[in-house]
Structures are given as C-alpha cells and as structure tokens.
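K.L.:
Sending over a structure as structure tokens; questions will come in a sec.
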Amino acid sequence: MPRRKSRGGYDEGREAHDHALNALSFLLNEPWSYEVLGLVRYELGQAYFMLKRHMKSETCICGHESEDIELFKTLLILVNSSIANASLRPIPVVVEELKRYFSSKKCTHHCISFILTKHALTYDV
Numbered sequence: 054m055p056r057r058k059s060r061g062g063y064d065e066g067r068e069a070h071d072h073a074l075n076a077l078s079f080l081l082n083e084p085w086s087y088e089v090l091g092l093v094r095y096e097l098g099q100a101y102f103m104l105k106r107h108m109k110s111e112t113c114i115c116g117h118e119s120e121d122i123e124l125f126k127t128l129l130i131l132v133n134s135s136i137a138n139a140s141l142r143p144i145p146v147v148v149e150e151l152k153r154y155f156s157s158k159k160c161t162h163h164c165i166s167f168i169l170t171k172h173a174l175t176y177d178v
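Counting in our numbering, the sequence shown runs from 54 upward without gaps.
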C-alpha cells in the first residue's frame, strides 16, 4: 500500500476536493448572499490553489487532470464576477458545474468518493 504524503501528495488532492465540496455545500444549503459568496470564493480559491500545487509537485496518480484546475479557475472567476457586479446570475452555473463535476468523477477519483462518503451528503450527487 502506498504511503500517504501530506505536501503535494494524495492528501493535498483530497483537501482540494474537500474545499470544492464545501463551496457546493454552501451554495446548496445556505440562502445565497454576498457573505455566502465570499465563503464560496474562499473555498474555490483554496481548491484551485491546492489542486494546482498538487499537480505541479509530482506525477498525479489520483486521476486529476489539467481540466480540473481549469474548471475551478473558471468557477472562481464566475463567483468573483458575481460579487463584483452584485449579480447572482452566474451562481446557478457554478452550482450545476460543481454538481456535474462531482457526479462524473465520483467513480474514478478515489479522493472524491472518500470525501463524498465522509460528508454523507443528503442529496444524490
């Protein structure tokens, strides 16, 4: 069994997805406000930063791809523009993209299936 690594290893990729799942949880379980969007921006920023660092540090065997990083970057830009323009219009797109991402990757990403089990979500992703 491979040894888990904390910096740049498996745990960092899992933590990135944990932050993205926290962002989705805020959007699904809280009334949308600019305060909540600030939390979502933080979580997506952490997801983007950690996944980017994880991918740069070594060859990723967890199944992450550069498209994952680009998705988090795009979602972060959408949330930033939503806050800057005082408009909630982009937020449904963010929710749907995060739901689509987790549902499409839950069978192939070990870290995502672990996190989904850990969080014991009340909705079907």
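We put the beta carbon where it would ideally sit given N, CA and C, even for glycine.
Going by C-alpha to C-alpha distance, which of LEU124, SER78, ASN75 sits closest to LYS105?
P.N.:
For this step, residue 105 is matched to residue 52 along the sequence shown. Closest by alpha carbon: LEU124.
K.L.:
Buried or exposed: VAL146, going by 16 or more other Cβ atoms within 10 Å of its Cβ?
P.N.:
Sequence index remark: in the sequence shown, residue 146 carries index 93 (1-based). By the neighbour-count rule (16 or more Cβ atoms within 10 Å), VAL146 is not buried but exposed.
K.L.:
Roughly how many angstroms separate the alpha carbons of ARG94 and ALA76, rounded to a whole number?
P.N.:
In the sequence shown, the residue the question calls residue 94 occupies position 41. In the sequence shown, the residue the question calls residue 76 occupies position 23. Whole-angstrom Cα-Cα distance: 8 Å.
K.L.:
Among ALA69, SER157, GLU149, which one has its Cα closest to the Cα of LEU81?
P.N.:
By 1-based counting over the sequence shown, the position of residue 81 is 28. Nearest C-alpha to LEU81 among ALA69, SER157, GLU149: GLU149.
K.L.:
Residues in its own chain within less than 6 Å of HIS72 by CB, not counting five upstream and five downstream?
P.N.:
Counting from one through the sequence shown, the residue named residue 72 turns up at place 19. So the list reads GLU96, GLN99, ALA100, once near-sequence residues are dropped.
K.L.:
Beta carbon of ALA100: closer than 7 Å to some heavy atom of the ligand GTP?
P.N.:
Ligands in the displayed structure: none, and consequently the ligand GTP is not present.
K.L.:
Would you mind sorting SER140 into buried or exposed? The rule is 16 or more other CB atoms within 10 Å of its CB.
P.N.:
Here residue 140 corresponds to residue number 87 of the sequence shown, with the count starting at 1. Exposed: under 16 other Cβ atoms inside 10 Å.
K.L.:
Assuming the contact rule is C-beta atoms closer than 8 Å, PHE102 and LEU92 should be a hit. Round their C-beta distance to whole Å, please.
P.N.:
Here residue 102 corresponds to residue number 49 of the sequence shown, with the count starting at 1. Here residue 92 corresponds to residue number 39 of the sequence shown, with the count starting at 1. With 8 Å as the limit, PHE102 and LEU92 do not qualify as a contact, their Cβ atoms being about 16 Å apart.
K.L.:
May I ask you to report which of helix, strand or coil DSSP gives ASN138?
P.N.:
Mapped onto the sequence shown, residue 138 falls at position 85. Three-state DSSP puts ASN138 in coil, outside helix and strand.
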